[in-house]
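Structure, as structure tokens:
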Amino acid sequence: LTGSKRAVANNVVNYGDLYVHGSDSVRPVVDFLKNHGNAVFDGPVDFGSPGIADQLDGSFTISGSMPLPPTVRVYGGSLTGQGSLGTIDHRGGWVAPGNPTGVLSVGSYFVDDDHGGIWARIGGPNPVTDFGVLRVNSTAQAPPVVLVSPLSGFSPRLADTFDVMTYTARNSSSFSGDV
Numbered sequence: 013l014t015g016s017k018r019a020v021a022n023n024v025v026n027y028g029d030l031y032v033h034g035s036d037s038v039r040p041v042v043d044f045l046k047n048h049g050n051a052v053f054d055g056p057v058d059f060g061s062p063g064i065a066d067q068l069d070g071s072f073t074i075s076g077s078m079p080l081p082p083t084v085r086v087y088g089g090s091l092t093g094q095g096s097l098g099t100i101d102h103r104g105g106w107v108a109p110g111n112p113t114g115v116l117s118v119g120s121y122f123v124d125d126d127h128g129g130i131w132a133r134i135g136g137p138n139p140v141t142d143f144g145v146l147r148v149n150s151t152a153q154a155p156p157v158v159l160v161s162p163l164s165g166f167s168p169r170l171a172d173t174f175d176v177m178t179y180t181a182r183n184s185s186s187f188s189g190d191v
């Protein structure tokens, strides 16, 4: 998806490989995306109205910010990367912050179902540099599952803790402990 000043795609349904690259001079606009394949959004990409991406299968990778914050509804597959989004509506599949390290920052994160979860890939004790962090800039709900995978043979000690999700407030009814 390219253009001289602005490339616009209204309703995109992806079953293969989709690469959307934005820059300061060219900002692609996607109004609605249904992703069944592998989609990579690199650099600034604007989402128009309604500004929704449905992650159904495969993978959706964010590398950069979405200036007009979209909502990503995760039903299956994985949402991964670093940058910023408006809202993650988590209904299934995996949200894997970082690529595999870094910060995925969202305005809000909420869970609509008991399927899927956060996938933490951990290569050491330091947030952002050794593992990805999901930073929620509002009230967050707890994910139903947190899956932990070691990177590069890392083996945590029994007392180690990893803040793979941070938030400004939490929905107390959905949290039984720290995430």
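Residue numbering for the sequence shown is 13 to 191, as defined by the working numbering.
Positions of the beta carbon are idealized from the N, C-alpha and C atoms, including for glycine.
For clarity, every value in this text was computed on a predicted model and none was experimentally measured.
Inset, instruction - Measure the C-alpha to C-alpha separation of Leu30 and Pro112 and round it to an integer number of angstroms. - result: As a position in the sequence shown, residue 30 is number 18, starting the count at 1. As a position in the sequence shown, residue 112 is number 100, starting the count at 1. Taking the straight line from one Cα to the other gives about 20 Å.
Inset, instruction - Say whether chain C places a C-beta atom closer than 8 Å to the C-beta of Asn47. - result: No chain C is present in this structure, which holds just one protein chain.
Legend entry - Anticipated Cβ contact below 8 Å, Gly110 with Gly144, distance rounded: One-based indexing of the sequence shown puts residue 110 at position 98. One-based indexing of the sequence shown puts residue 144 at position 132. The distance from the Cβ of Gly110 to that of Gly144 is about 2 Å, consistent with a contact at the 8 Å cut-off.
Inset, instruction - With Val86 as the anchor, note down where its beta strand (DSSP E) starts and where it stops. - result: Within the sequence shown, numbered from 1, the residue matching residue 86 stands at position 74. Residues 83–86.
Legend entry - Span of the beta strand (DSSP E), counted from its first residue to its last, around Asp78: One-based indexing of the sequence shown puts residue 78 at position 66. Residue identity differs from the one stated: residue 78 is Met in this sequence, not Asp. Element bounds for Met78: n/a, residue is neither H nor E.
Inset, instruction - Would you give the residue range spanned by the beta strand (DSSP E) that Val54 belongs to? - result: Within the sequence shown, numbered from 1, the residue matching residue 54 stands at position 42. Note on residue identity: the sequence assigns Asp, not Val, to residue 54. Asp54 -> beta strand (DSSP E) spans 50–54.
Inset, instruction - Tell me whether Pro40 is buried or exposed, calling it buried when 16 or more other Cβ atoms sit within 10 Å of its Cβ. - result: Taking the sequence shown and counting its residues from 1, the one referred to as residue 40 is at position 28. By the 10 Å Cβ count, Pro40 comes out buried.
Legend entry - Bridge partners - Asn2, DSSP secondary structure assignment: Past the edges of the chain, shown from 13 to 191, lies residue 2, and the structure says nothing about it.
Inset, instruction - Specify the secondary structure class of Val57 as computed by DSSP and reduced to three states. - result: Position 45 of the sequence shown, counted from the first residue, corresponds to residue 57. Reduced to three states, the DSSP call for Val57 is coil.
Inset, instruction - Mark Val86 as exposed unless 16 or more other C-beta atoms lie within 10 angstroms of its C-beta, in which case mark it buried. - result: Position 74 of the sequence shown, counting from 1, holds the residue named residue 86. That one is buried.
Inset, instruction - Could you check if Ala181 is buried or exposed, using at least 16 other CB atoms within 10 Å of its CB as the buried criterion? - result: Looking up residue 181 in the sequence shown gives position 169. So Ala181 ends up on the exposed side.
Inset, instruction - Name the one or two DSSP bridge partners that Asp66 has. - result: Translated into the one-based positions of the sequence shown, residue 66 becomes position 54. In the DSSP output, where bridge partners are listed per residue, Asp66 has Lys46, Arg85.
Inset, instruction - Round the Cβ separation of Gly105 and Gly119 to the nearest angstrom and send it over; I've been treating them as touching at under 8 Å. - result: On the sequence shown, residue 105 is found 93 positions in, with the first residue counted as 1. On the sequence shown, residue 119 is found 107 positions in, with the first residue counted as 1. Between Gly105 and Gly119 the beta-carbon gap is near 20 Å, outside 8 Å, which marks them as no contact.
Legend entry - Asp101 - containing beta strand (DSSP E), residue span: Here residue 101 refers to the residue found at position 89 when the sequence shown is read from its first residue. Segment 90–102, the beta strand (DSSP E) holding Asp101.
Inset, instruction - Report all residues from its chain with a CB closer than 6 Å to the CB of Arg133; omit the five preceding and five following residues, and keep chain order. - result: Against the sequence shown, residue 133 aligns to sequence position 121. Closer than 6 Å at the Cβ level, and outside the excluded window around Arg133, lie Pro112, Ser161, Leu163.
Legend entry - Contact check, Ser117 vs Ser96, beta carbons under 8 Å: For this step, residue 117 is matched to residue 105 along the sequence shown. For this step, residue 96 is matched to residue 84 along the sequence shown. Contact: yes.
Inset, instruction - Look at the alpha carbon of Val42 and the alpha carbon of Val52, and state the distance between them as a whole number of angstroms. - result: Working through the sequence shown from its first residue, we reach residue 42 at position 30. Working through the sequence shown from its first residue, we reach residue 52 at position 40. Cα-Cα distance, rounded: 13 Å.
Inset, instruction - Indicate, with yes or no, if the ligand FMN has a heavy atom lying under 7 Å from the CB of Pro156. - result: Judged by which ligands are present, the structure shown has none, so any question about the ligand FMN falls away.
Legend entry - Length at least 3, wholly inside the segment 131–166: the beta strand (DSSP E) runs in chain order: 144–152, 158–162
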